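Going down the list, the sequences are from chains A and B. To convert, count from 1 in the first sequence and add 1146; that's our numbering. To convert, count from 1 in the second sequence and add 3; that's our numbering. Each residue gets a CB set at the ideal place from its N, CA and C atoms; glycine is no exception. Quick caveat, the model's predicted, so the values are computed rather than measured.
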Amino acid sequence: AQTVTQSQPEMSVQEAETVTLSCTYDTSESDYYLFWYKQPPSRQMILVIRQEAYKQQNATENRFSVNFQKAAKSFSLKISDSQLGDAAMYFCAYRSAMGGNQFYFGTGTSLTVIP
Amino acid sequence: DSGVTQTPKHLITATGQRVTLRCSPRSGDLSVYWYQQSLDQGLQFLIQYYNGEERAKGNILERFSAQQFPDLHSELNLSSLELGDSALYFCASSAPRLADEQFFGPGTRLTVL
């Protein structure tokens, strides 16, 4: 089974600064999708960004961008111009193309934004 | 609003009891996933159904069971409840396309006293 690792249980960033959250995964597949989800204090899971494994270009959504390194099996999330509303738990997820399209989630990184 | 609905939002019960959590996926989504999230913990995958059939099983206890009905709604049954079963239970659905993410419901907060 695929594994997703988030090695930073907690991170903090000053408001308006940039922070990068790390995610690595283990797979033998060549075709898959990667996602970052945000879980604010409301506990609702919200999709932040997705990346197709076959695309070399890194995905970007406004202040959120990823650094996808397929060979290194790394998928980090960069948050620019951090805002107080960015404070949340962030989960990295991998969607397999095999075995029923199962999703695999990391353990999460809790992000604190300091005013 | 993700389009995934879960009922009830909150559930308080006693040890040893049995409860049923209900989930309705987004219109058109055939896959339903159940997750357990204990306080300040990550998501623990429990089970996945696809069009009525069990597709994948995670760390689901034998006291827990689930099913997906012909109308695609799903129920998660938790029996012989223990204090440690207190958690937020999420249901998510997804379309078959690989590009599609999971859409999560708001969760059911279960408290076992």
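Item, Value
"F48 (chain B) at chain A interface by Cβ criterion, 9 Å", "yes"
"is_contact[E104 (chain B), chain A] using C-beta, thresh 9 Å", "yes"
"Boundaries of the beta strand (DSSP E) in which N1213 (chain A) is found, first to last residue", "F1210 to Q1215"
"Residue interval of the beta strand (DSSP E) (run including C94 (chain B))", "A90 to S97"
"DSSP-derived helix/strand/coil call for D1172 (chain A)", "strand"
"Contacts of Y36 (chain B) in chain A (Cβ-Cβ under 9 Å)", "Q1248 and F1249"
"Option nearest Y36 (chain B) by Cα separation, candidates B:P99, B:A90 and B:Y53", "B:Y53"
"Among B:D74, B:S82, B:E78 and B:G55, nearest to L64 (chain B) - alpha-carbon criterion", "B:S82"
"Chain B contact for F1221 (chain A) (CB, 9 Å cutoff)", "no"
"Interface residues of the region 1184–1202 of chain A facing chain B [CB-CB below 7 Å]", "R1189, Q1190, M1191, L1193, R1196 and E1198"
"Distance CB(Y1178 (chain A))-CB(A1205 (chain A)) smaller than 9 Å", "no"
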